[in-house]
Amino acid sequence: MEYITRASELFPPKEGDMEGKCIICGRFTTKGNKIDFSDNFTNWHLLEEGEVICEQCYNMVRDQNHRRKSWVATREGIEFLKRDQFIPIMLNPPEPPFVIYFTKSGKKQGFLKLIDKVNYSKNKFWVAYEDDLIFVEFPSLF
Ligand SMILES: [Zn+2]
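The opening position of the sequence shown corresponds to residue 4 in my numbering, with each subsequent residue numbered one higher.
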């Protein structure tokens with residue numbers, strides 16, 4: 004099976020000791036963490052069936068900054084974005100692979116939809132805005 008890079012692989016891992024299938028990315032792991040969402044987590048419909056949150060997905064979903072703020076994730080790390088950076092980053096995205104999440108409300112977990120939408124092109128790429136997934140395509144000029 005072809006290996007697909009998950010968005011969560013761009014975040015620092017947190018290794019647990021539980022075995023099972025990850026509810027975020029669907030991979031099997033022996034280093035999983037307990038599923039410990041708070042009662043007001045509302046995006047169960049975006050999740051896989053499973054028993055754990057894997058070491059790769061844990062920080063992406065449990066660090067509240069990833070819900071409250073807009074960000075771009077690359078192999079170099081996570082950069083949080085201000086609102087006036089939305090358009091510039093769309094017009095000039097970072098070197099791939101990258102993942103971009105925009106939020107105004109800071110209340111959604113729309114970035115969960117990006118789990119298998121890691122971008123490898125600066126001309127065609129996925130962006131999540133709140134709960135919506137948007138495909139951006141720039142026409143080739145040459
Ligand atoms: Zn996972």
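Note that beta-carbon positions come from the ideal geometry of N, C-alpha and C, so glycine has one too. Just so it is clear, the structure is predicted and the values come from calculations on it, not from any experiment.
Quiz item: How would you label N106, buried or exposed, when you count the other beta carbons within 10 angstroms and need 16 or more for buried?
Solution: Locating residue 106 in the sequence shown gives position 103, where the first residue counts as 1. Looking at the sequence shown, residue 106 is not Asn but Thr. Classification of T106: buried, given that the 10 Å Cβ count is 16 or more.
Quiz item: Sorted by chain position, which residues of the same chain lie with C-beta nearer than 6 Å to E18's C-beta, five sequence neighbours on each side aside?
Solution: Taking the first residue of the sequence shown as position 1, residue 18 is located at position 15. The answer, listed in chain order, is K34 and E58.
Exercise. Report the residue from F83, K125, I103 and K85 whose alpha carbon sits nearest the alpha carbon of N95.
Key: Against the sequence shown, residue 95 aligns to sequence position 92. For N95, the nearest C-alpha among the options comes from K125.
Quiz prompt | Nearest to S73 (by Cα), restricted to the options N36, L50, E54 and K111 | solution = Indexing the sequence shown from 1 puts residue 73 at position 70. Among N36, L50, E54 and K111, the Cα nearest to that of S73 belongs to K111.
Self-check item: Status (buried if at least 16 other CB within 10 Å, exposed otherwise) for L50
Solution: Taking the sequence shown and counting its residues from 1, one reaches residue 50 at position 47. It is buried - the Cβ of L50 has at least 16 other Cβ atoms within 10 Å.
Exercise. Pull up the distance between the alpha-carbon of M93 and that of R9, whole angstroms please.
Key: Position 90 of the sequence shown holds residue 93. Position 6 of the sequence shown holds residue 9. About 21 Å.
Quiz prompt | Buried versus exposed call for R70 [16 or more other C-beta atoms within 10 Å across all chains shown] | solution = As a first step, residue 70 must be located in the sequence shown, where it is residue number 67. Under this definition R70 is a buried residue.
Quiz item: What runs of the beta strand (DSSP E), each 3 residues or longer, lie entirely inside the stretch 13 to 91?
Solution: 21 to 24, 31 to 35, 73 to 77 and 80 to 84
Practice problem: Report the residue from F89, R86 and G80 whose alpha carbon sits nearest the alpha carbon of E98. | Solution: Stepping through the sequence shown from its first residue, residue 98 is reached at position 95. It is G80 whose Cα lies nearest to the Cα of E98.
Exercise. Mind checking who V130 pairs with in its DSSP beta bridge?
Key: Residue mapping note: residue 130 aligns to position 127 of the sequence shown, counting from 1. Looking at the DSSP assignment, V130 forms a beta bridge with I103 and I137.
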